[in-house]
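Trainee: Encoded as structure tokens, here's the structure I'll be asking about.
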Amino acid sequence: MINSQCEMKNNLYSLTIKKASDKLASGEITSVELTEAVFERIDHVESKVGAYITLCKEKALEMARESDKQYAISHKRRSKIDGIPIAVKDLFLTKGVKTTAASNILNDFIPIHESTSTKNLWKAGAVLIGKTNLDQFAMGSSTETSAYKTSKEFDSTTRNPWDLDRVPGGSSGGSAAAVAADECIAAIGTDTGGSIRQPASLCSITGLKPTYGRVSRFGVMAMASSLDQVGPMTKTVEDAAILLKYLSGWDKYDSTSSKKDVPDYAELINKDIKGSKIGVPKEFFGEGLDSKVNEIIQEGINQLKSLGVEIIDISLPITKYALAVYYILMPAEVSSNLARFDGIRYGHSRIKNKAMPTGRQELRIKNLEEVYCKSRAEGFGAEAKRRIMLGSYVLSAGYYDAYYKKAQKVRTLVKKEFDEVFSKVDLIVTPVTPTPAFKFGEKVSDPLSMYLSDIMTVPVNPAGLPAISIPAGFAESEGKKLPVGLQLIGPMWGEQTILNVGCAFQSVTEHHLAKPNL
Ligand code: GLN
């Protein structure tokens, strides 16, 4: 009895939010026990996975104790995430906890305020486990553009828990790997062109990019402000529904956040999806799609049919331009957003690091321009620089009309095309990525092939639509199981429909229950 109880307590890290929250609410476990179990798990597997840039054990235990204290007073949990350990992408400002955006330019940055979305989580009683690795400033699809390695033994960045020789995807690769490896109960990430869904797909977890405006972007380091959105990365669709509620809502600090009511998504889940219409766009199943990925998605579509869904062939011819549009608009916004890192106010600075600490060193920098140039040249990685240059170019006087303005027009067409299709279908189903996880170094020197791995996730961002990646099966390679995700795209504010169908799918499939061998 003691043994089995002990075993049960040790395995707490593998719980979903739903299960952990039921146990916390009934008093079967405490938040401190749950948090300790997660840190034990981290001790066991983090040296292989490398999901985190910063771990906050003391703070986490303090938050867990506070959660338990509140429970002792009122005999109830304040919310479904009260006492639940959550990992946060290191792009969210966390007050008093180092926040790097995985860039050297912010390697000593400790924020003085908290992002709205994380503040909402802590208000509901959630526990911050640590800050996860990502592609530098969220730019990338493999977490390889991160400036950080999580331990000395690490010869590369965060690894895919299903095959340690492969990337976890990106840019929220650390969050996805942490969830897949049970190094947290759930995580949050950001999605500008696929950064929640693509790593979710490659690591076999659930990742939801909400409608633009659903979650406040305040305090999340901006990559491309008209595309960025915060979302949950979880072990199940039900957990994504739970977490989404606490993340969402209007925020006076983000004028693009919506005043629309936040429903209790998890309570409203309706798995009876009979009669729903789901469109299959032929353009997402063409050249370049791995045959095994195609097979798995077709099986997924058949599962949906067996749930009574009507599958309808559709066409989205304009979406083929979405990637080109994205790689004009996104760098334009990046170049403007990253201008604030000037080497003066915060983060890595040529002046601060070399001259100010002692006050005695000779100030060799001649003028302001040199401060900017030197700080930025040292602080930013190659991918950030590439995008700053691309962005400055498309915004420059001679090229603005030819590139930026034209891309904005095509963006409107992409959105219109989706709107038209959603007058006929409730959701759209597609693969998330053309291939399963690739190996380290395979695409890093060829930016174009890296960019192409986002071809199926990018189109929803310029249109502002919500979309989810859910585990759909595994491709085999060299004796390893490589996860494949299925994408469901919804109309604006169609989160509930996505969650209903996703939940129904997970009630008849078991892919999301499989665990990597670590
Ligand atoms: N991988 C895409 C890019 O490199 C998307 C990034 C993101 O969604 N943050 O831009």
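Taking the working numbering, the leading residue of the sequence shown gets 2, the next gets one more, and so forth.
A virtual CB, placed ideally from N, CA and C, is assigned to each residue, including glycine.
Since the model is a prediction, treat every value here as computed from it, not as a measurement.
Starting from the C-beta of T436, find all residues in its chain whose C-beta is less than 6 Å away, skip the five residues before and the five after it, and write them out in chain order.
Mentor: Result list for T436: D291, in chain order.
Trainee: With distances taken from CA atoms, which of T101, W123, G28 is nearest T55?
Mentor: Here the closest residue by C-alpha is T101.
Trainee: Does the Cβ of K367 have 16 or more other Cβ atoms within 10 Å, making it buried, or fewer, making it exposed?
Mentor: Answer is exposed; the Cβ neighbour count stays below 16.
Trainee: Between P463 and R412, how many whole angstroms is the CB-CB distance? I'm expecting something under 8 Å.
Mentor: Right, their Cβ atoms sit about 4 Å apart.
Trainee: For my contact list, L248 and I189 are in at a C-beta cut-off of 8 Å; report their separation, rounded to the angstrom.
Mentor: About 7 Å; that satisfies the 8 Å criterion.
Trainee: In terms of alpha-carbon separation, which member of S454, K236, A340, H349 lies closest to P472?
Mentor: With distances taken between Cα atoms, P472 lies closest to K236.
Trainee: Tell me Y53's beta-bridge partners as DSSP assigns them.
Mentor: Partner(s): T133.
Trainee: Should R341 go down as buried or exposed, given a rule of 16 or more other Cβ atoms within 10 Å for buried?
Mentor: Exposed is the call here.
Trainee: Taking the straight line between their C-alpha atoms, what separation do you get for K96 and V33?
Mentor: Using only the alpha carbons, I get a separation of about 22 Å.
Trainee: Nearest by alpha-carbon distance to G276: which of E268, I312, S259 is it?
Mentor: Answer by Cα proximity: I312.
Trainee: Buried or exposed: P318, going by 16 or more other Cβ atoms within 10 Å of its Cβ?
Mentor: Burial call: exposed.
Trainee: In or out: K77 buried (at least 16 other Cβ within 10 Å) or exposed?
Mentor: Result: exposed.
Trainee: My understanding is that L520 touches A242, with C-beta atoms under 8 Å, so please give their C-beta distance in whole angstroms.
Mentor: The requested residue 520 is not part of the displayed model; the chain covers only 2 to 519.
Trainee: Could you tell me the distance, in whole angstroms, from the CA atom of E59 to the CA atom of D69?
Mentor: Spanning the two alpha carbons is a distance of roughly 15 Å.
Trainee: Below 8 Å, how does it come out for the region 386-405 and the region 322-338: are there three or more Cβ pairs, yes or no?
Mentor: With a cut-off of 8 Å, the region 322-338 and the region 386-405 count as touching, because enough Cβ pairs lie within range.
Trainee: Which same chain residues end up closer than 7 Å to N271 when comparing Cβ atoms and leaving out the 5 residues on each side of it in sequence?
Mentor: Cβ within range, chain order: N501.
Trainee: Three or more C-beta pairs closer than 8 Å, one from the region 168-188 and one from the region 110-118: is that the case here?
Mentor: As far as the Cβ criterion goes, the region 168-188 does not touch the region 110-118, which means the pair count is below three.
Trainee: What do you get for A403, buried or exposed, if any count of 16 or more other CB atoms within 10 angstroms of its CB means buried?
Mentor: Answer is exposed; the Cβ neighbour count stays below 16.
Trainee: V238 lies in the beta strand (DSSP E); which residues open and close that run?
Mentor: Where V238 is concerned, there is no enclosing beta strand (DSSP E), although the alpha helix (DSSP H) it sits in stretches over 238-248.
Trainee: Please go through the same chain and pick out, in chain order, the residues whose beta-carbon is closer than 6 Å to the beta-carbon of A26, but skip the five residues on each side of it.
Mentor: R78.
Trainee: Return the chain-ordered ranges of every beta strand (DSSP E) run that is complete within the region 164-241 and spans a minimum of 3 residues.
Mentor: Counting whole runs of 3 or more residues, the region 164-241 contains the beta strand (DSSP E) stretches 187-192, 207-210, 230-235.
Trainee: Looking at N161 and Y53, is the spacing between their C-beta atoms short of 8 Å?
Mentor: Taking 8 Å as the Cβ cut-off, Y53 and N161 do not qualify as a contacting pair.
Trainee: So who's on the other strand from Q488, going by DSSP bridges?
Mentor: Paired residue(s): T431, S470.
Trainee: So, with DSSP's three-state summary, where would you put K283?
Mentor: Here K283 sits in helix by DSSP.
Trainee: Under 6 Å Cβ to Cβ from L414, same chain only, skipping five residues before and after it: list those, please.
Mentor: So the qualifying residues of the chain are I319.
Trainee: What's the call for V238, buried or exposed, on a 16-neighbour Cβ count within 10 Å?
Mentor: The residue is buried, with at least 16 neighbouring Cβ atoms inside 10 Å.
Trainee: Hey, would you say T431 sits closer than 8 Å to P282, going by beta carbons?
Mentor: Against a cut-off of 8 Å, the Cβ pair of P282 and T431 comes out as a contact.
Trainee: Do you know how far the Cα of T207 is from the Cα of Q507?
Mentor: Rounded to the nearest angstrom, the two C-alpha atoms are 10 Å apart.
Trainee: For F40, name the three-state secondary structure that DSSP assigns.
Mentor: In the structure shown, F40 sits in a helix (DSSP, three-state: H, G or I).
Trainee: Okay, do the region 216-225 and the region 176-188 touch, 3+ Cβ pairs below 8 Å being the bar?
Mentor: Contact fails: fewer than three Cβ-Cβ distances are below 8 Å.
Trainee: Can you give me the C-alpha to C-alpha distance between W163 and E371, rounded to a whole angstrom?
Mentor: Rounded to whole angstroms, W163 to E371 spans 46 Å at the Cα level.
Trainee: What three-state label does DSSP hand A476 in the structure shown?
Mentor: Looking at A476 - three-state DSSP - the assignment turns out to be strand.
Trainee: Can you tell me whether G480 sits near the ligand GLN, meaning its C-beta is under 7 Å from at least one heavy atom of the ligand?
Mentor: Outside the cutoff, so no.
Trainee: For D192, verify whether its CB is less than 7 Å away from any heavy atom of the ligand GLN.
Mentor: Result yes, Cβ under 7 Å from the ligand GLN.
Trainee: Quick check on DSSP: helix, strand or coil for F93?
Mentor: The answer is strand: DSSP assigns F93 an E or B state.
Trainee: Use the C-beta contact count for E47: other C-beta atoms within 10 angstroms, 16 or more gives buried, fewer gives exposed.
Mentor: With 16 or more other Cβ atoms within 10 Å, it is buried.
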